[in-house]
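As they're listed, the protein sequences go chains P and D.
Numbering of the first sequence is given in the working numbering, commencing with residue 173 and proceeding in unit increments.
Numbering of the second sequence is given in the working numbering, commencing with residue 2 and proceeding in unit increments.
Quick notes on the structure that follows.
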Amino acid sequence: MYNASDLKKGLKIEIDGDPCMITNFEFSKPGKGQALYRCKIKNLVTGNTFDKTYRSVEKVNRCALISRDYTFSYIDGHEYVFSDNNTFEEARLNDELLGDLKYFLVDDMQVEILFHNERPLDITLPNFVEMQIAETEPGARGDTATNVAKPAKLENGYEINVPIFINEGDTVRIDTRTGTYADRVSKG
Amino acid sequence: MGIWQQRDALMRGIRAFFHERDFTEVDTPLRMQTPCMELHIDAEASGDSFLRTSPEMFHKKLLADGHERIFELGKCFRQGERGPLHNPEYTMLEWYRAHADYMDVLEDTKKLIDSLWHGADIDWHVLSVSEVFEEFAGWNPAGSFDEDRFDIDLVDKVEPALKRMRGAVVLKDYPVEAAALSRRKPDYSLLAERWELYIDGVELANAYSELTDPDEQQRRFEECADKRRALGKETYGIDAEFIDAVGRMPPSGGVALGVDRLLMVMTGRTSLDQVLPFR
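Shown next as structure tokens:
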């Protein structure tokens with residue numbers, strides 16, 4: 173348990189069983205009144221933010237977050253199945269939690285999954301992933317400018333903007349943190 | 002102008018204001034054996050004594066000894082208070098006037114702020130605690146006081162509304178449970194003659210018609226000690242000479258004003274970080 177006076181911006185706490193993070197924090201003490209800790213809090217499961225004011229006598233639950241290393245194995249309908257690198261136990265993440273990251277999963281990819289009480293909360297992929305371009309208009313010959321972009325599609329349908337010199341069959345590196353093109357790895 | 006020049010001008014202006022009005026500047030001890038007992042103000046230990054949380058007790062002894070117009074500019078210390086508007090060590094302006102009440106010292110305060118803050122042209126709103134709580138929090142704490150609800154609604158609902166009002170807002174007539182060292186209103190004993198001044202939503206000063214009933218003062222200290230014990234807080238001794246002085250002093254009005262916060266507000270800053278370079 174934390175004392176209210178331990179609270180600060182960035183601290184993760186548990187409220188009604190949900191992991192939450194303090195996104196803004198203000199010490200307040202009205203004239204002759206008690207110390208109050210005014211917090212803006214984000215629920216890390218739902219993403220909702222709300223205000224909560226703690227009195228100095230209140231206690232706040234700690235939030236036990238654990239992250240473990242996994243290997244991506246396969247897709248099962250709307251679920252993505254990973255296997256624990258140490259215990260080989262399965263973890264299943266739905267596509268809602270993965271968002272666009274689902275497009276960047278490749279066989280045997282090493283990922284880190286963050287759990288709160290065995291509930292998967294977040295996943296971290298390697299910063300870069302190599303993927304093949306399945307579809308794009310050919311660029312004008314000799315045009316090697318890197319600041320001109322055109323749309324392209326990966327085999328899984330994800331759309332990305334690439335420089336004009338990229339062709340179908342090329343392998344490119346994608347930054348998984350932003351979902352954008354980083355550079356070309358090899359020509360197709 | 003840099004912050005030290007601004008502070009210098011402010012301190013000179015404060016001294017000039019009170020000297021022009023025949024107040025005597027006093028310089029009372031920082032260390033004391035029995036700091037003033039208040040439920041939520043904790044004194045910092047200093048050797049076998051404590052650092053004062055306010056010069057109030059010394060000033061009341063001076064009032065009892067016939068000093069009728071006194072002021073002090075000095076450091077006060079409060080344990081554990083740190084934030085954009087709090088520092089555990091800060092400069093307090095405190096003044097007392099005999100044969101005056103809280104509304105008389107409000108007039109002093111308006112004149113003081115006007116003299117220090119040239120061309121500010123501040124709008125003054127004087128509102129009762131009951132009316133602002135009814136309007137912004139939907140209940141009247143007078144007669145149905147609930148300390149936690151009062152404090153939380155004050156910071157979550159009332160103070161943000163005062164900030165939106167801009168200018169100076171004086172909240173007056175506190176529930177007697179939050180009277181601290183002020184006297185009850187003679188015609189309505191659920192309320193106490195206390196006010197707090199906010200400018201641009203920042204609380205700057207606290208004032209009382211001072212309590213001059215030694216038995217009630219003794220009782221309030223004892224009740225406060227019980228409540229502090231229940232919260233697991235340290236209690237301080239009750240200074241018999243102070244209780245005696247409360248019984249001998251004339252009816253008086255007194256104000257405590259946070260100088261660092263005033264400097265912050267007057268110079269358009271929003272955190273004490275910007276006015277206390279060594280913090």
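C-beta atoms are modelled at their ideal positions from N, C-alpha and C, and glycine is treated no differently.
With DSSP as the reference, please indicate the residues paired to residue i in a beta bridge.
i        : result
D:Phe137 : BP columns for D:Phe137 are empty, so no partner.
P:Phe187 : For the sequence presented, residue 187 of chain P should be read as Ile rather than Phe. P:Ile187 pairs with P:Asp190.
P:Asn233 : P:Glu186
D:Ala169 : D:Trp125 and D:Ile200
P:Tyr252 : P:Ile247 and P:Leu265
D:Arg83  : According to DSSP, which records beta bridges pairwise, D:Arg83 is partnered with nothing at all.
P:Thr221 : P:Lys214
D:Pro176 : D:Leu192
D:Leu52  : D:Arg32
P:Val344 : P:Met303 and P:Arg356
D:Arg184 : Looking at the DSSP assignment, D:Arg184 forms no beta bridge with any residue, so it has no partner.
Output the boundary residues of the beta strand (DSSP E) element that contains residue i.
i        : result
P:Phe287 : Gln282 to His288
D:Lys228 : Careful: D:Lys228 lies outside any beta strand (DSSP E), inside the alpha helix (DSSP H) at Pro215 to Ala231.
P:Val334 : Glu331 to Pro335
P:Ile238 : Leu237 to Asp248
P:Asn190 : Looking at the sequence provided, one finds Asp at residue 190 of chain P rather than Asn. Segment Asp190 to Ser200, the beta strand (DSSP E) holding P:Asp190.
D:Ile114 : Segment Tyr103 to Leu117 is the alpha helix (DSSP H) holding D:Ile114; no beta strand (DSSP E) there.
P:Pro323 : Ala321 to Leu326
P:Val301 : Phe300 to Thr308
D:Gly75  : Arg70 to Phe78
D:Ala99  : Glu90 to Ala99
P:Phe276 : Segment: none, P:Phe276 is in no beta strand (DSSP E) and carries neither H nor E.
P:Asp294 : Arg291 to Thr296
D:Arg249 : Run containing D:Arg249: none in the beta strand (DSSP E); it sits in the alpha helix (DSSP H), Ala241 to Arg249.
P:Arg349 : Counting along the chain, P:Arg349 falls outside any beta strand (DSSP E), and DSSP gives it neither H nor E.
Given this structure, state the Cα-to-Cα distance separating residue i from residue j, to the nearest angstrom.
i        : j        : result
D:Ile42  : P:Asn289 : 40 Å
D:Val27  : P:Val232 : 45 Å
P:Gly360 : P:Ala306 : 10 Å
D:His60  : D:Met104 : 19 Å
D:Arg22  : D:Glu69  : 12 Å
P:Glu331 : P:Ile247 : 20 Å
D:Met40  : D:Phe222 : Looking at the sequence provided, one finds Leu at residue 40 of chain D rather than Met. If I take the Cα positions, the gap works out to 9 Å.
P:Met173 : P:Cys192 : 14 Å
P:Thr218 : D:Pro187 : 54 Å
D:Leu212 : D:Arg8   : 33 Å
P:Gly329 : P:Asp342 : 15 Å
P:Arg345 : P:Val283 : 17 Å
P:Lys325 : P:Asp355 : 15 Å
D:Leu64  : D:Asp245 : 12 Å
D:Gln80  : D:Ala101 : 32 Å
D:Pro30  : D:Gly139 : 44 Å
P:Tyr275 : D:Phe151 : 52 Å
Exposed or buried, what is residue i when buried is set at 16 or more other beta-carbons lying within 10 Å of its beta-carbon?
i        : result
P:Phe260 : exposed
D:Met2   : exposed
D:Tyr175 : buried
D:Ser47  : exposed
P:Val229 : exposed
D:Lys76  : exposed
P:Lys201 : buried
D:Ser183 : buried
D:Lys62  : buried
D:Ala241 : exposed
D:Phe18  : buried
D:Glu204 : buried
D:Phe279 : exposed
D:Ser272 : exposed
D:Pro142 : buried
P:Phe244 : buried
D:Asn207 : buried
D:Asn88  : buried
Locate the alpha helix (DSSP H) running through residue i, then write down its first and last residues.
i        : result
D:Trp5   : Ile4 to Glu21
D:Asp261 : Val260 to Met267
D:Arg270 : Counting along the chain, D:Arg270 falls outside any alpha helix (DSSP H), and DSSP gives it neither H nor E.
D:His60  : Glu57 to Ala65
P:Leu270 : Asp267 to Leu270
D:Phe146 : Note, D:Phe146: premise wrong, no alpha helix (DSSP H); not H, not E.
Tell me, please, whether the region 39-56 of chain D touches the region 333-341 of chain P by the rule of three or more beta-carbon pairs shorter than 8 Å.
-> Counting Cβ pairs under 8 Å, fewer than three are found: no touch.
Within the chosen definition, does the region 84-99 of chain D reach the region 250-265 of chain D through at least 3 CB pairs nearer than 8 Å?
-> Counting Cβ pairs under 8 Å, three or more are found: they touch.
Contact between the region 235-251 of chain P and the region 185-197 of chain P: three or more CB pairs below 8 Å?
-> The answer is yes - the region 185-197 of chain P touches the region 235-251 of chain P, with three or more Cβ pairs under 8 Å.
Determine contact between the region 194-212 of chain P and the region 262-270 of chain P, defined as no fewer than three beta-carbon pairs at a distance below 8 Å.
-> No contact exists between the region 194-212 of chain P and the region 262-270 of chain P.
Please confirm if the region 81-89 of chain D is in contact with the region 160-168 of chain D, defined as three or more CB-CB distances below 8 Å between the two stretches.
-> For the pair of segments examined, the region 81-89 of chain D was found not to touch the region 160-168 of chain D: the number of CB pairs separated by less than 8 Å stays below three.
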